[in-house]
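In terms of the working numbering, the sequence shown has 91 at position 92, counting the first letter as 1, and numbering is strictly consecutive.
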Amino acid sequence: MGREIAVVTAGIRHKWRHRFEATRWVRGVCFAVCYSAFFVLAGALTNSTALPVPPALKDIKGPIVISSTWAWIWRVLAIAAVAGLIALAWWWYRRGQPETAPAAVLSPADRARQRLEAALRWIEDPERFVTEVSEIARTYLEERFGLHAPERTTEEFLAELTSDRTLEGRHKELLADFLTRCDLVKFARADTDRAELEALYGAAERLVDETAKMPSVPPVAVRP
């Protein structure tokens, strides 16, 4: 006959039930032993023990972006490419534009003629007009012949001009008459009509035209 032996062992959170069955095959000689084990939750044997409840799981965070060195390299290359395209477009635009010709260098005579023409706007103001015209003539003589006319009074300049051989005699006489008549209007407040002003203007033009082709002297610095 067989005989069962039940043994229960307990763990921390579970229990094991062991069953042994002994059967005698030959009297007094041999027994056969059968063993079986059953796993039993601790809560099934004793209702007083409850399984712990795991804490609630937190939400999954979003992916973390890890910057790469290659990203910065591509950005720098993109900026350089855009700058290069802008420079190329500007060069192409400038290439199609006509080159600006350098400003023509005017001779002292041409500058004097332009200034005389511009002075005509003051002809209704005699004092202002003769001041402009006489200053233009003096500046022309300085640029053309190196005569320091603007820094001297009319008397000083004419006295110096007497011993100077730059101008011919007829030009000296023309210049002396012109400057004297201008001083009468500027300082003596002489009554001057439009015809007299036009005559002074004509004298200045004649002086420039007749002396423009005379032999030059070494160039002098032109005052701004």
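Heads up, the beta-carbon is just placed ideally off N, CA and C, and yes, glycines get one too.
Query	Result
Distance between I135 and S106 (C-alpha atoms, nearest Å)	14 angstroms
C-beta contact flag for E126 and V184 at 9 angstroms	yes
Which listed residue (L199, W91, I78) has its alpha carbon closest to that of I122	L199
Test item: CB-CB of L140 and L173 under 9 angstroms	no
Own chain residues within Cβ distance below 6 angstroms of L157, not counting five before or after	A175
D109 to A187 span [Cα, whole Å]	31 angstroms
Within the segment 133-165, ranges of the alpha helix (DSSP H) (whole runs, at least 4 residues)	153-162
Check whether T153 and A111 have beta carbons under 9 angstroms apart	no
Length of the line joining the Cα atoms of I85 and W71	21 angstroms
Buried versus exposed call for A148 [16 or more other C-beta atoms within 10 Å across all chains shown]	buried
Start-to-end residues for the alpha helix (DSSP H) that takes in A175	168-186
Residues near T191 in its chain [Cβ-Cβ closer than 7 angstroms; skip 5 each side]	P125, V184
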